[in-house]
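Below is one structure, written out as structure tokens; comments come after it.
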Amino acid sequence: NAGVMQNPRHLVRRRGQEARLRCSPMKGHSHVYWYRQLPEEGLKFMVYLQKENIIDESGMPKERFSAEFPKEGPSILRIQQVVRGDSAAYFCASSPPASGSTGELFFGEGSRLTVL
Amino acid sequence: GNSVTQMEGPVTLSEEAFLTINCTYTATGYPSLFWYVQYPGEGLQLLLKATKADDKGSNKGFEATYRKETTSFHLEKGSVQVSDSAVYFCALRPSTGTASKLTFGTGTRLQVTL
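Chains L and H, in that order, are what the protein sequence lines are.
Start counting the first sequence at 8; every next residue gets the next number (the working numbering).
Start counting the second sequence at 700; every next residue gets the next number (the working numbering).
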């Protein structure tokens, strides 16, 4: 049973370019969460999605950041016109539907974005 | 709002020493509480959890007790090993609101030496 799969593991972009990070949740999980971890800091919630719906985006920066979780395919976190301050590890987590949830999140290994 | 406060790291211990990492929280109602561990270059893994007051979570020799009266969930281990070197995160899930939206502490780095 594959865990949460994220790719790419490492991504280097120059300022002004776009970054796309992908996340495939665990089998049977329909809820996806994105977190950002800045160097030497904890994880900060960004967005929570279900298939084709954004449920909670209270942690997303107002500009340049967007997320989707289409009916088919992985969830994507998109960062447009990246700046050096976007350099961080981006973690995706998934959980089963609420009725089967114990509150635990299952994390991927993260995508580490470096902006030059 | 909800928040989690952890003791600052790094914590450096010799193998077989006793470990305590403090965690306190602020939340309304009765949140669920978690400890996650992050090994170098990896994602977070659930270490243990407690869902109601006075519950004790335990796993791999680690324990934490949900103390409602002191709003705490301190992590303990009687005898640490070098392989326990990692970053430990305390987290809470509120009793209401978004399904599994967790609030994390800033993490405590543990280094265990021979």
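A virtual CB, placed ideally from N, CA and C, is assigned to each residue, including glycine.
The Cβ atoms of H:L712 and H:E775 lie no closer than 8 Å to each other. When DSSP states are grouped into helix, strand and coil, L:D63 belongs to the strand group. Residue contact check for L:E48 against chain H: a CB pair falls below 8 Å.
Identification of chain H residues near L:G115 by a Cβ-Cβ cut-off of 9 Å yields G742, ordered along the chain. Under the three-state reduction of DSSP output, L:R91 falls in the helix class. Distance check between L:R21 and each of L:M33, L:M53 and L:Q87 places L:Q87 closest, using alpha-carbon atoms only. Residue H:T807 holds the alpha-carbon nearest to the alpha-carbon of H:M706 among H:S782, H:T807, H:G742 and H:V811.
Between H:R766 and chain L, the shortest Cβ-Cβ separation is not below 8 Å.
Note that the stretch 108-118 of chain L does not touch the stretch 760-774 of chain H; fewer than 3 beta-carbon pairs, one per stretch, sit closer than 8 Å.
Here L:S118 carries a strand assignment [DSSP, helix/strand/coil]. For L:E75, the enclosing beta strand (DSSP E) begins and ends at F72 to E75.
Here the alpha carbons of H:T704 and H:C722 stand approximately 6 Å from one another.
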